[in-house]
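Colleague: The following block contains the structure, expressed as structure tokens.
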Amino acid sequence: MIILINGSFASGKTTTAELLVQHLYHSMLYDPEIVGAGLAAIVKPIETVTDFQDLTAWRPLVVETARVLKQVYGRTLIIPMTLWHRPYFEEITDGLRQIDPHFYHFCLTARKETLLSRLAQRQQEHTEQALIWIQERFDRCLAAFASPGYAVQIPTDEKRPEEIVEEILTQINSSFL
1 MIILINGSFA SGKTTTAELL VQHLYHSMLY DPEIVGAGLA AIVKPIETVT
51 DFQDLTAWRP LVVETARVLK QVYGRTLIIP MTLWHRPYFE EITDGLRQID
101 PHFYHFCLTA RKETLLSRLA QRQQEHTEQA LIWIQERFDR CLAAFASPGY
151 AVQIPTDEKR PEEIVEEILT QINSSFL
């Protein structure tokens, strides 16, 4: 099984993914941001972008890394990732579905005010430059994630992370009935 936890910055993706790993036996966290950071460092002399998702090799590497992780470790992959650009989203989700037909996509949503408040609480985790970069992308993310193509959407404004995890587990379990 592969579970993609998508959503805007500060929507709770990583927290949700970490909790899911604790609740799902034989699962592991796979963060494609690590792939992006490593790839950006490797190709810096050749290809420079402001967002590693725009690197030519990043999307195929995300899928191939997932394939290798599934093949070698045979575990459920839980993937937190802000993936709002529709062509990138489709390329990656199509690739993940080919790896495992038990593919689930959940998009965590929240009002802009909620996201900005959460981000402000986490300011010490980010550089000022990173915070500006994230804020510049909020509106694009919110607009994209409001579309039906990013279903199943889970509003997180008034929910604790444990409630979000319970909702995801309920939806996954109901698909096996």
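So the sequence shown is numbered by my numbering: it starts at 1 and just counts up by one.
No residue lacks a Cβ here, since even glycine has one placed at the ideal position from N, Cα and C.
#1: Just the Cα atoms here: how many angstroms apart are Glu128 and Ser175?
#2: Give every residue of the same chain whose Cβ lies closer than 6 Å to the Cβ of Leu119, excluding the five residues on either side of it in the sequence, and list them in chain order.
#3: Under DSSP, the beta strand (DSSP E) around Ile132 begins and ends at which residues?
#4: Cβ of Leu96 within 8 Å of Cβ of Tyr30?
#5: By the three-class DSSP mapping on this structure, what secondary structure does Thr76 have?
#6: Provide the residue(s) that pair with Glu15 in DSSP beta bridges, ordered along the chain.
#7: Rounded to the nearest angstrom, what separates Trp43 and Ile34 at their Cα positions?
#8: Between Pro45 and Met81, what straight-line distance do the alpha-carbon atoms span, to the nearest angstrom?
#9: Kindly give me the distance between the Cβ atoms of Phe145 and Cys107, rounded to whole angstroms, as I take these residues to be in contact under 8 Å.
#10: Rounded to whole angstroms, what is the Cα-Cα separation between Thr165 and Pro87?
#11: Spatial neighbours of Arg67 within its chain, please: CB distance less than 6 Å, with the 5 preceding and 5 following residues excluded, ordered by chain position.
#12: Quick check: what's the CA-CA separation for Val152 versus His105?
#13: Between which two residues does the beta strand (DSSP E) holding Thr56 run?
#14: As a quick exercise: from Leu4, Ile2, Ser8, pick the residue whose alpha carbon is nearest that of Glu113.
Modeller: On the basis of the supplied data:
#1: 42 Å
#2: Closer than 6 Å at Cβ, skipping near neighbours: Ala10.
#3: Not the beta strand (DSSP E): Ile132 falls in the alpha helix (DSSP H), residues 128–145.
#4: no
#5: strand
#6: One detail in the question is off: residue 15 reads as Thr in this sequence, not Glu. Thr15 is not bridged to any residue.
#7: Per the sequence shown, the amino acid found at residue 43 is Val instead of Trp. When rounded, the distance between both Cα atoms is 14 Å.
#8: 26 Å
#9: 5 Å
#10: A quick correction: the sequence has Val, not Thr, at residue 165. Near 27 Å, if we compare the C-alpha coordinates of Pro87 and Val165.
#11: Ile99
#12: 7 Å
#13: Segment: none, Thr56 is in no beta strand (DSSP E) and carries neither H nor E.
#14: Ser8
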